[in-house]
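To start, the structure itself, in structure tokens.
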DNA sequence: GTCTATAGCATGATAGAC
DNA sequence: GTCTATCATGCTATAGAC
């Protein structure tokens with residue numbers, strides 16, 4: 033709130049003492065004006081538009097429509113004419129914003145990765161007990177998945193269309209996430225609050241997978257009427273059970 | 033072996049008493065000549081070629097190259113000229129085999145779905161105890177994922193490019209798979225061998241997710257040196273643990 | 001800052017020779 | 001049954017008026 037740049041998320045005030053989605057939304061601003069400001073910050077070098085006011089407004093339209101089109105028919109199969117029609121911005125106008133088609137995909141991946149990085153670094157910087165740490169990571173990750181659903185879905189499905197550098201960065205981020213979980217498990221086992229006989233790396237990987245389901249299988253959860261918080265409770269309890277955690 | 037048509041897989045002889053991959057390979061023939069015969073059966077209406085001998089050979093080349101190209105750059109971004117170059121078959125020649133580009137994708141989805149259907153129907157038709165039934169489904173599904181990896185990966189990633197009918201068929205198959213797991217859980221709980229307090233539908237869904245990881249995150253398992261059988265053991269034990277199964 | 005018009009090229013598909 | 005040649009269309013991207 034003081035010296036933090038526009039590209040840095042606010043610190044986690046009151047999180048994860050209260051792991052409700054409302055508390056998460058309040059702690060990090062991943063929607064509305066602050067989100068689009070972040071997009072502008074990441075992407076503005078590729079744009080010919082300098083005026084922040086109208087730029088942010090059109091950026092929002094472009095990204096929203098990109099998600100609607102790409103997440104239903106595929107990014108490569110979405111033509112810029114489709115995007116032009118959907119946004120109401122002419123072809124020439126579009127190029128003043130996106131730089132090129134692949135720059136657009138690139139920006140999406142960058143925004144997602146930097147957001148995850150900011151939120152998780154923030155959580156990891158706090159000195160939390162293994163239990164609290166695990167809880168914070170699980171709930172925060174799912175709330176991020178939920179709030180920025182189309183962003184995450186896009187990154188997963190269109191990953192192969194990104195250039196090699198970004199593709200590897202995305203894979204490394206997932207490996208880091210696995211490793212982060214692994215570390216929490218280990219610390220908890222050392223501290224005697226968790227117990228596990230088996231492959232911790234596989235447990236971490238399958239936890240990551242369970243979290244990714246929230247954006248990969250949205251259709252299924254919608255159909256079943258499962259909410260994020262219900263799913264977060266399920267995922268966390270399942271994990272505690274696997275780790276033989278005794279509640280009290 | 034007697035009245036079974038070429039399009040039907042042999043029944044599961046000795047499966048799942050022995051859940052090794054070798055036993056699975058022997059029970060169902062999902063590779064080599066029998067696989068390509070299956071492809072020919074599903075796809076031959078769209079082809080102009082009638083001669084089975086050379087047709088099957090070229091079909092194999094076309095599908096293999098499609099996987100190599102589509103699974104690395106995306107199906108839509110793979111041009112038929114790419115495919116022509118990679119297979120060594122001319123553009124005109126290709127069209128005698130594939131019908132159209134989208135027929136090619138369609139055939140892949142059909143082969144995968146009918147294979148899953150055959151194998152699982154076969155397992156479900158046997159009268160197995162909940163424990164044996166669960167074990168059979170987990171191991172069989174993972175071995176299928178493994179043996180037909182590029183097929184599965186293609187179906188997941190390129191699902192949105194299929195026509196509505198096929199997309200829904202694929203989703204229904206996944207829901208059926210979840211339901212099948214759910215039923216086994218329930219039967220085991222009734223029989224008193226499993227115990228679970230929680231949402232069984234979510235447990236089924238997260239089990240399906242864990243199995244899909246084998247083809248979705250191949251890069252990770254390769255990097256970590258995890259084999260299918262190790263992963264199958266992990267997945268099955270994890271599930272037994274969640275279901276409070278007491279081994280003996 | 002936004003538009004129209006168009007360049008330049010790649011694509012899916014087919015016709016017809018052999 | 002396989003090839004070459006070609007068609008019609010759609011694509012990304014840019015130039016230049018306003």
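Protein chains in written order, with this note's numbering: chain A, 33 to 280; chain B, 33 to 280. The beta carbon of each residue, even a glycine, is placed where N, CA and C say it ideally should be.
**Item:** Neighbourhood of residue 103(A) by C-beta, 7 Å cutoff - its chain only, sequence neighbours within 5 removed
**Value:** Around residue 103(A): 182, 185 and 186.
**Prompt:** Mind checking if residue 258(A) is an interface residue toward chain B, Cβ cutoff 8 Å exclusive?
**Reply:** Yes, contact with chain B.
**Request:** For the region 128-141 of chain A and the region 159-172 of chain A, state whether three or more C-beta atom pairs, one from each stretch, are separated by less than 8 Å.
**Result:** Contact between the region 128-141 of chain A and the region 159-172 of chain A is absent, with fewer than three C-beta pairs closer than 8 Å.
**Asked** How is residue 283(A) classed by DSSP in three states: helix, strand or coil?
**Response** For residue 283(A) there is no data in the structure shown, the boundaries of chain A being 33 and 280.
**Message:** Please confirm whether residue 211(B) has its beta-carbon closer than 8 Å to some beta-carbon of chain A.
**Reply:** Residue-level contact check: residue 211(B) does not touch chain A, since none of the beta carbons of chain A fall below 8 Å from its beta carbon.
**Message:** Counting only Cβ-Cβ distances shorter than 7 Å, please list the residues of the region 234-246 of chain B near chain A, keeping chain order.
**Reply:** Cβ contacts with chain A come from 234, 237, 238, 241, 242 and 245.
**Item:** Per-residue contacts from residue 214(B) into chain A (C-beta, under 7 Å)
**Value:** Contact note: residue 214(B) does not reach chain A at a C-beta cutoff of 7 Å; the least C-beta distance is about 11 Å.
**Request:** Check whether the region 64-74 of chain B touches the region 102-118 of chain B, counting contact only when three or more Cβ pairs, one atom from each stretch, lie closer than 8 Å.
**Result:** Judged by Cβ distances under 8 Å, the region 64-74 of chain B makes no contact with the region 102-118 of chain B, as fewer than three pairs qualify.
**Request:** Starting from residue 105(B), trace the alpha helix (DSSP H) both ways and give me its first and last residue.
**Result:** Note, residue 105(B): alpha helix (DSSP H), 84-105.
**Request:** Would you tell me roughly how many angstroms separate the C-alpha atoms of residue 86(B) and residue 96(B), rounded to the nearest one?
**Result:** Approximately 16 Å, taken between the alpha carbons.
**Proximity to residue 109(A) [Cα-Cα], best of 207(A), 149(A) and 189(A)** = Of the candidates 207(A), 149(A) and 189(A), the one whose C-alpha sits nearest the C-alpha of residue 109(A) is 189(A).
**Asked** Hey, is residue 226(B)'s beta-carbon within less than 8 Å of any beta-carbon in chain A?
**Response** It does not; no Cβ of chain A falls within 8 Å.
**Message:** If contacts are defined as beta-carbon pairs under 8 Å, then residue 220(A) and residue 163(A) qualify, I think. What distance do you get, rounded to the angstrom?
**Reply:** The Cβ separation is near 7 Å, so the contact holds.
**Request:** Just the chain A side, please: which residues come within less than 7 Å of residue 192(B) by C-beta, in chain order?
**Result:** Using a Cβ-Cβ cut-off of 7 Å, residue 192(B) is close to 104, 105 and 106 of chain A, given in chain order.
**Request:** For residue 49(A), collect the residues of the same chain with a Cβ closer than 7 Å to its Cβ; drop the 5 residues on either side in sequence, then sort them by chain order.
**Result:** Closer than 7 Å at Cβ, skipping near neighbours: no residue.
**Prompt:** Helix, strand or coil: how does DSSP classify residue 204(A) here?
**Reply:** Here residue 204(A) sits in helix by DSSP.
**Message:** What does the Cβ neighbour count give for residue 242(A), buried or exposed, with the cut at 16 atoms within 10 Å?
**Reply:** It counts as buried.
**Message:** I want to see whether chain B comes within less than 8 Å of residue 251(A), judged by CB atoms only; does it?
**Reply:** Output row for residue 251(A): interface = yes.
**Prompt:** What's the call for residue 283(A), buried or exposed, on a 16-neighbour Cβ count within 10 Å?
**Reply:** Here chain A has residues from 33 to 280 only, and residue 283(A) is not among them.
**For residue 48(A), three-class secondary structure by DSSP** = Coil, per DSSP.
**Message:** Using only CA atoms, which one of 261(A), 233(A), 263(A) and 240(A) lies nearest to residue 255(B)?
**Reply:** Minimum Cα distance to residue 255(B) is reached at 233(A).
**Prompt:** Checking contacts by CB at 8 Å: is residue 220(A) closer than that to chain B?
**Reply:** Judged by the 8 Å Cβ criterion, residue 220(A) is not in contact with chain B.
**Asked** For residue 109(B) and chain A, any beta-carbon pair shorter than 8 Å?
**Response** Output row for residue 109(B): interface = yes.
**Request:** Throw me the rounded Cβ distance for the residue 172(A) and residue 151(A) pair, which I believe falls under 8 Å.
**Result:** Confirmed, about 6 Å.
**Item:** Exposure of residue 200(A), with buried meaning 16 or more beta-carbon neighbours within 10 Å
**Value:** Classification for residue 200(A): exposed.
**Request:** List the whole-angstrom C-beta distance separating residue 210(B) from residue 240(B), where the pair is believed to meet the contact cut-off of C-beta under 8 Å.
**Result:** Yes, they are in contact, since the Cβ atoms of residue 210(B) and residue 240(B) sit about 5 Å apart, within 8 Å.
**Prompt:** Roughly how many whole angstroms lie between the Cα atoms of residue 137(B) and residue 193(A)?
**Reply:** Each residue's alpha carbon lies about 18 Å from the other.
**Prompt:** Does any C-beta atom of chain B lie closer than 8 Å to the C-beta of residue 95(A)?
**Reply:** Not an interface residue.
**Endpoints, the alpha helix (DSSP H) within which residue 183(A) is located** = Element bounds for residue 183(A): 181-189.
**Request:** Closer than 7 Å by beta-carbon distance: list the chain B residues that pair up with residue 189(A), in chain order.
**Result:** Ordered by position in chain B, the residues that pass the 7 Å Cβ test against residue 189(A) are 189.
**Asked** Got a sec: which bits of the region 268-279 of chain B sit with their beta carbon under 8 Å from any beta carbon on chain A, in order along the chain?
**Response** Only 269, 270, 273 and 274 from the region 268-279 of chain B bring a Cβ to less than 8 Å from some Cβ of chain A.
**Asked** Whose Cβ in chain A lies nearer than 7 Å to the Cβ of residue 231(B)?
**Response** Proximity of chain A to residue 231(B) at the Cβ level (cut-off 7 Å) is accounted for by 266, in chain order.
**Item:** Contacts that residue 281(A) makes with chain B (C-beta to C-beta distance below 8 Å)
**Value:** Residue 281(A) falls outside the range modelled here, since chain A spans only 33 to 280, and no answer is possible.
**Asked** Under the rule that 16 or more other beta-carbon atoms within 10 Å means buried, what is residue 51(B), buried or exposed?
**Response** Label assigned to residue 51(B): buried.
**Prompt:** Which two residues bound the contiguous alpha helix (DSSP H) that contains residue 231(B)?
**Reply:** Neither: residue 231(B) is in no alpha helix (DSSP H) and is coded neither H nor E.
**Request:** Give me the Cβ distance between residue 245(B) and residue 238(A), rounded to the nearest whole Å; I'm assuming they're in contact under 8 Å.
**Result:** Rounded, the Cβ-Cβ distance is 7 Å, consistent with contact.
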